[in-house]
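Notes for the one structure printed next.
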Amino acid sequence: MASHVLERDINAAVRMDGPISKGPLPRWQKKALESSGHGGSFLSTSALTGVSFNTSAASTNISSSKTPSRTPRKTPGKSSLKKTPKTSPSGSNGNCGDRFIPNRHNMQFDVANYLLTQENNQQENSASIADAEYKAIVDEQLNTDFSNFRIMAYSNKAPPAPEGHAGNRILYSSSKAPLSSKKNTRFIPKAPERILDAPDIQDDFYLNLVDWSATNTVAVALSSQLYLWNATSGNVSQLAELEDSTVCAVSWSEDGTYLALGTSENEVHLWDVTRNKRLRVLTGHAARVGSLCWNGPLLSSGARSGYVHHHDVRVSQHHVGTLKAHQQEVCGLKWSPDGRFLATGGNDNILNLWPSSLSHGSVQPLHVFNNHQSAVKALAWCPWKPSVLASGGGTADRCIRFWNCNLGAHLSSVDTNSQVSSLLWSEEYHEIISGHGFAQNQLIIWKYPSMTKVAELTGHTGRVLNTCLSPDGTTVLSAGADETLRLWNCFALDPSRKKQKKIAQGTGSTSGVLRQSIR
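Sequential numbering of the sequence shown, starting at 1, is according to the UniProt record's numbering.
Here it is, written out as structure tokens:
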């Protein structure tokens with residue numbers, strides 16, 4: 001019998017899954033007792049584990065499981081159990097956790113984060129707008145598009161969005177405010193507004209046979225005859241007819257009162273259009289005069305000999321300067337709008353830039369440009385950038401080139417795939433129109449400075465010889481080897497700017513300096 005009792009005690013002592021009858025209570029039972037408070041029932045907790053405890057047994061076990069204190073002489077009466085502080089909000093069932101979790105709902109962290117992010121985005125947008133405007137100004141001044149140039153960039157550029165997918169484009173640009181820009185699309189008539197006959201016009205690339213005056217009158221040289229067409233009334237009249245000579249160049253004075261004619265007899269004739277009277281004949285050249293240009297009272301003439309003569313039409317001794325400009329014929333001659341530079345183009349493929357000083361033979365060109373591979377006839381100064389010059393080459397060159405005359409630098413060029421016979425600027429739209437020869441005999445409108453094609457105007461069956469612009473800058477007249485003059489309304493003004501121009505023209509007065517001084 002004793003052996004059975006011993007065996008039972010040993011089994012109970014080594015049994016691992018039996019209930020613990022002695023020792024401290026588990027922590028979860030302590031928590032349950034503490035949460036029950038005064039008079040709270042512990043039966044519900046005991047029922048979950050299948051073990052039943054009464055209050056006296058629990059208190060006995062708690063007191064027996066007290067951790068020995070280092071201060072045994074501690075003042076009696078202190079509770080041996082330390083309860084964890086807790087908050088019991090109204091309506092709580094008492095089963096609160098042992099951690100303090102603050103309520104941050106009223107702090108509105110999402111709103112604060114949004115406001116901070118929005119402020120940064122606004123600053124970024126304003127900075128982006130300023131940078132974009134600065135880059136646009138730099139591109140315009142340097143005549144170069146720097147949008148594809150990256151300097152000190154250490155991050156990969158976002159790939160361009162596929163065309164036709166508006167949603168993808170928004171991903172790259174929705175946070176950037178667009179620059180305010182003028183609408184760049186407009187209707188350009190592809191057919192000429194009017195066609196005039198020009199029989200016997202000379203099919204010679206090196207001559208300059210048409211010009212449009214400030215009084216809205218077109219001068220046209222037809223072999224030995226000179227005709228005037230009033231663009232306002234449509235009347236046509238013959239001004240001059242030369243004997244044993246042909247008209248090789250025509251050029252109006254700035255006020256439209258006087259007309260200069262260059263002839264094949266090496267002379268320059270000066271006419272008063274208001275009185276239909278020839279005032280004087282300017283001599284001195286040794287070959288035909290194929291190019292003319294005015295600079296106030298100063299008339300410059302270029303000849304086939306390669307020389308340029310300056311004539312002061314106010315004095316009897318008119319010849320005031322000579323330039324040995326080219327080795328071959330001078331076919332292009334243009335003064336800059338501010339009168340500082342004279343550009344000359346020759347059949348020797350050279351473009352020279354001269355100062356405004358006058359002398360006989362001692363003046364040297366400021367810059368000599370030899371980039372063209374053919375005759376340089378087409379010359380045009382930019383009206384809103386007086387230091388920018390456009391030049392066009394002949395059949396072997398076919399290029400339009402732009403020059404900064406202050407620096408003597410070549411800015412850019414574009415291959416037109418055709419002979420360039422003339423160039424004109426449009427100040428209203430910042431565009432340039434070029435006249436061409438074989439094979440299309442067309443006029444091309446280019447956007448400056450990007451030099452993208454805006455429109456092509458076709459209709460001539462022969463090469464375009466010369467072009468000129470109306471005084472209001474809206475209409476281009478082209479003279480072709482097909483013996484026609486065609487008027488293209490390709491630079492029509494906006495209504496608002498047209499009204500402003502009319503007001504400005506009404507308040508202006510025509511200069512009468514030449515009228516009072518020519519003799």
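Just so it is clear, CB atoms sit at the ideal spot from N, CA and C, and this is done for glycine as well. Only a predicted model underlies this, so the values are computations on that prediction, with no experimental measurement involved.
Q202 in three-state terms, based on DSSP: coil
Continuous beta strand (DSSP E) stretch holding R27: start and end: Not the beta strand (DSSP E): R27 falls in the alpha helix (DSSP H), residues R27 to S36.
Span separating the alpha-carbon of T416 from that of L465: 16 Å
Local conformation of T117 per DSSP, three classes: helix
As assigned by DSSP and simplified to three states, the class of P383: coil
Reduced DSSP category for P495 - H, G, I as helix; E, B as strand; rest coil: helix
Environment of F205 [buried if 16+ CB atoms lie within 10 Å]: buried
Coil, strand or helix - P312 by DSSP: The displayed chain sequence assigns Asp, not Pro, to residue 312. In the structure shown, D312 sits in a strand (DSSP, three-state: E or B).
Range of the contiguous beta strand (DSSP E) that encloses Y429: From DSSP, Y429 is part of no beta strand (DSSP E); its letter is neither H nor E.
G256 and A214 closer than 8 Å at C-beta: yes
Minimum C-alpha distance to S413 - residue among N404, K135, P297 and I400: I400
L358 to K190 span [Cα, whole Å]: 45 Å
Spatial neighbours of Q440 in its chain, beta-carbon cut-off 7 Å, leaving aside the 5 residues before and after: S418 and T458
Those residues which DSSP pairs with V414 across a bridge: I400
Beta-carbon gap between G306 and H326 smaller than 8 Å: yes
For Y134, the three-state DSSP class (helix, strand or coil): helix
Endpoints, beta strand (DSSP E) assigned at I445: L443 to K447
3 or more residues per run - each beta strand (DSSP E) lying fully within the stretch 277–308: 277–282, 289–295 and 298–303
Segment contact, 8 Å Cβ cut-off, at least three pairs: the stretch 258–270 with the stretch 286–296: yes
Reduced DSSP secondary structure (H/G/I, E/B, other) of D110: helix
Spatial neighbours of V210 in its chain, beta-carbon cut-off 6 Å, leaving aside the 5 residues before and after: V220, N466, C468 and A479
Buried or exposed by the 16-neighbour rule on C-beta atoms within 10 Å, applied to T195: Correcting the residue identity first, residue 195 is Ile in this sequence and not Thr. Its Cβ having fewer than 16 others within 10 Å, I195 is exposed.
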